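**Q** For the sequence shown, this note's numbering begins at 141 and goes up steadily by one.
Quick reminder that beta carbons are idealized off the backbone N, C-alpha and C, glycines included.
Everything numeric in this text was worked out from a predicted model, so none of it was measured.
Below is the structure I would like to discuss, written out as structure tokens.
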Amino acid sequence: MSNKGLILVIDDEEAVRTSFKMYLEDSGYKVLLAENGRQGIELFDREKPQCVLVDLRMPEMNGHEVIKYIRASGRNIPSIVISGTEVLEEAIKSLRIGAWDYMTKPVMDMAGLLHRVEETIEKSTLIKQNLMYREHLETLVKERTEELEQTNSALARAIYNTVVILIQTIEAKDPYTRGHSLRVSEYSVAIGRKLGLDTHSLQILRLGSLLHDIGKIGVARAVLNKPGELTEDEYDRIKEHIKIGEQILQNVEYFKPILPLIRDHHKWFDGNGYPEESRGPDLILESQILSVADVYDALTSDRPYRDAMSREKALAELKKTSGTQLSPEIVDVFIGEEIYSIEHKQDIGIYLEHVPSEI
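Take a look at the structure:
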């Protein structure tokens, strides 16, 4: 007879042990016998049974203690209680503390016992296989997650370097705006937080504000740094930085969410400004926020054609243009929350320290 597995029988009645052993061995199983609970757990520890048949009322260690011990071992070995007691509470307690099944003595239907044993072993085997598959899957997921995190980290670093280089390029061409992009971004994010924007929107606002003037790379240095009043033709060239900025960033998937900010930060709240094809009332909130931050920092910064305004004059100018050039709601937040007084970072590297791999 082939060996289908190992069964441990723990019972203080010799007749029961003998009858179970004969029938189960005839059915292809190897059987170990123990006459009390203490002897049973010794065999359990030494051998590797696939199933344990255990009586409840035994000397030295009762069945409930054996069941608890088996369960605490963590080996996921099923136990079936076979007891002479017909008290329902005993059966319920046995199942509650870890038994898989319960049969009462005398066992007249040995084929039924065999069926219970085989069914329990099969269930236990499936559970172990599922656990093994789950652990394997968790390992694979962990490995793939680590790989993805490494990839995302490298991507984030590449994006970070790209943003820094772009901003440094702008400032090298137009030294009067050095630090402008960083300050505008900080103002914009501070306004966005006060307005309750979510993390995703704040990140769009952060990068869009940093790169809002990227198109100035394509405008002649002589026009950008002209100390006097611009001619109409020169002003048209300045306005071209909107389209140039879009063209620079539009083919990079990562930057697509910030394109509306690049395009519309010179569009007025009332519909004036440029580009003409954009309409003021349709401006997204992030673009309206950027406009306020951009105007304030421009007013309070030195330019080739004028000196910086004082804070008081600049705030008065914001109030004056509120409702026409600028959103009244955002101007109110900027002034009312004293966002103009925030302390600025000096290093764009620190500001971009936690740039995400996607927005």
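What's the gap between the Cα of residue 428 and the Cα of residue 289?
**A** Numbered from its first residue, the sequence shown carries residue 428 at position 288. Numbered from its first residue, the sequence shown carries residue 289 at position 149. The alpha-carbon atoms of residue 428 and residue 289 are separated by roughly 34 Å.
**Q** What's the C-alpha gap between residue 148 and residue 283?
**A** Here the question's residue 148 lines up with position 8 in the sequence shown. Here the question's residue 283 lines up with position 143 in the sequence shown. Computed Cα separation, rounded: 40 Å.
**Q** With distance defined between alpha-carbon atoms, name the residue in 257, 285, 438 and 222 nearest to residue 247.
**A** As a first step, residue 247 is located in the sequence shown; it is residue number 107 there, counting from the start. The residue with the shortest Cα to Cα distance from residue 247 is 222.
**Q** Excluding sequence positions up to five away, which residues of its chain have a Cβ less than 6 Å from the Cβ of residue 208?
**A** Walking along the sequence shown from the start, residue 208 turns up at place 68. Only 237 meet the Cβ criterion.
**Q** Would residue 250 and residue 169 be called neighbours here (beta carbons separated by less than 7 Å)?
**A** To locate residue 250, count along the sequence shown from 1; it is residue 110. To locate residue 169, count along the sequence shown from 1; it is residue 29. Contact flag unset, no.
**Q** Taking the alpha helix (DSSP H) that residue 460 falls in, what are its first and last residues?
**A** Here residue 460 refers to the residue found at position 320 when the sequence shown is read from its first residue. That run of the alpha helix (DSSP H) goes 451-461.
**Q** Using 7 Å as the threshold, is the C-beta distance between residue 383 and residue 414 below it?
**A** Position 243 of the sequence shown, counting from 1, holds the residue named residue 383. Position 274 of the sequence shown, counting from 1, holds the residue named residue 414. Contact: no.
**Q** To the nearest angstrom, how far is the alpha carbon of residue 191 from that of residue 255?
**A** Stepping through the sequence shown from its first residue, residue 191 is reached at position 51. Stepping through the sequence shown from its first residue, residue 255 is reached at position 115. Cα to Cα, residue 191 sits roughly 13 Å from residue 255.
**Q** Which partner residues does residue 242 have in the DSSP bridge list?
**A** To locate residue 242, count along the sequence shown from 1; it is residue 102. Per DSSP, 221.
**Q** Starting from residue 174, trace the beta strand (DSSP E) in both directions and tell me its first and last residue.
**A** Taking the sequence shown and counting its residues from 1, one reaches residue 174 at position 34. Looking at the DSSP string, the run of the beta strand (DSSP E) that includes residue 174 is 170-174.
**Q** Which residues bound the alpha helix (DSSP H) around residue 401?
**A** If you number the sequence shown from 1, residue 401 lands on position 261. Start and end: 399-404.
**Q** For residue 144, which three-state DSSP category applies?
**A** The residue labelled residue 144 in the question sits at position 4 within the sequence shown. Looking at residue 144 - three-state DSSP - the assignment turns out to be coil, as it is neither helix nor strand.
**Q** Quick check on the DSSP output: the alpha helix (DSSP H) that includes residue 228 runs from which residue to which?
**A** Mapped onto the sequence shown, residue 228 falls at position 88. Note, residue 228: alpha helix (DSSP H), 228-237.
**Q** Got a sec, what are the start and stop residues for the beta strand (DSSP E) residue 351 sits in?
**A** Here residue 351 refers to the residue found at position 211 of the sequence shown. Per DSSP, residue 351 belongs to no beta strand (DSSP E) and is neither H nor E.
**Q** Which value, in whole angstroms, describes the spacing of the CA atoms of residue 268 and residue 276?
**A** Counting from one through the sequence shown, the residue named residue 268 turns up at place 128. Counting from one through the sequence shown, the residue named residue 276 turns up at place 136. Rounded to whole angstroms, residue 268 to residue 276 spans 12 Å at the Cα level.
**Q** Per DSSP, what kind of secondary structure is residue 197 in: helix, strand or coil?
**A** Position 57 of the sequence shown holds residue 197. Coil at residue 197, not helix or strand.
**Q** Cutting at 7 Å between CB atoms, please list the residues of its own chain near residue 444, excluding the five before and the five after it.
**A** Here residue 444 refers to the residue found at position 304 of the sequence shown. Here the set comprises 316, 365, 366 and 367.
**Q** Any chance the segment 475-484 sits against the segment 336-353, with 3 or more Cβ pairs inside 8 Å?
**A** Because the criterion of three Cβ pairs below 8 Å is not met, the segment 475-484 and the segment 336-353 do not touch.
**Q** From residue 391 to residue 402, what does the alpha carbon distance come to, in whole angstroms?
**A** Working through the sequence shown from its first residue, we reach residue 391 at position 251. Working through the sequence shown from its first residue, we reach residue 402 at position 262. The alpha-carbon atoms of residue 391 and residue 402 are separated by roughly 14 Å.
**Q** Leaving out five residues before and five after residue 454 in sequence, what residues of the same chain have Cβ atoms less than 7 Å from its Cβ?
**A** As a working mapping, residue 454 is identified with position 314 in the sequence shown. So the list reads 436, 439 and 440, once near-sequence residues are dropped.
**Q** Where does residue 466 sit, in a helix, a strand or coil, going by DSSP?
**A** Counting from 1 along the sequence shown, the entry for residue 466 is found at position 326. Three-state result, residue 466: strand.
**Q** Below 8 Å on the Cβ atoms is my contact criterion, and I expect residue 331 with residue 433 to pass it. Report the Cβ-Cβ distance as a whole number of Å.
**A** Counted from its first residue, the sequence shown places residue 331 at position 191. Counted from its first residue, the sequence shown places residue 433 at position 293. Yes, residue 331 and residue 433 are in contact; Cβ-Cβ is about 7 Å, under 8 Å.
**Q** According to DSSP, simplified to helix, strand and coil, what is residue 155?
**A** Translated into positions along the sequence shown, residue 155 becomes position 15. Helix, per DSSP.
**Q** What do you get for residue 150, buried or exposed, if any count of 16 or more other CB atoms within 10 angstroms of its CB means buried?
**A** The residue you call residue 150 lines up with position 10 of the sequence shown. Label assigned to residue 150: buried.
**Q** Mapping the DSSP letters down to three states, classify residue 407 as helix, strand or coil.
**A** Walking along the sequence shown from the start, residue 407 turns up at place 267. Looking at residue 407 - three-state DSSP - the assignment turns out to be strand.
**Q** Grab me the residues of residue 324's own chain with a C-beta within less than 6 Å of its C-beta, minus the 5 sequence neighbours each way, in chain order.
**A** Counted from its first residue, the sequence shown places residue 324 at position 184. Correct list, in chain order: 349, 433, 434 and 437.
**Q** Using only the alpha-carbon positions, how far apart do residue 465 and residue 446 sit?
**A** Position 325 of the sequence shown, counting from 1, holds the residue named residue 465. Position 306 of the sequence shown, counting from 1, holds the residue named residue 446. Going by the C-alpha atoms only, they are around 21 Å apart.
**Q** What span of residues does the alpha helix (DSSP H) with residue 387 cover, start to end?
**A** In the sequence shown, the residue the question calls residue 387 occupies position 247. First-last of the alpha helix (DSSP H) with residue 387: 381-389.
**Q** Distance check for residue 165 and residue 141, CA to CA, integer angstroms please.
**A** Reading the sequence shown from its first residue, position 1 is the one you call residue 141. Reading the sequence shown from its first residue, position 25 is the one you call residue 165. Note that residue 141 scores a pLDDT of 49, beneath 50, so its modelled location is shaky and nothing firm can be said.
**Q** Taking only the alpha-carbon atoms, compute the straight-line gap between residue 371 and residue 381 and give it to the nearest angstrom.
**A** Residue numbering aside, residue 371 sits at position 231 when the sequence shown is read from its first letter. Residue numbering aside, residue 381 sits at position 241 when the sequence shown is read from its first letter. For residue 371 and residue 381, the distance between alpha carbons rounds to 16 Å.
**Q** Looking only at its own chain, which residues have a Cβ that is under 8 Å from the Cβ of residue 342, when we skip the five neighbours before and after it?
**A** To locate residue 342, count along the sequence shown from 1; it is residue 202. Closer than 8 Å at Cβ, skipping near neighbours: 329, 332 and 333.
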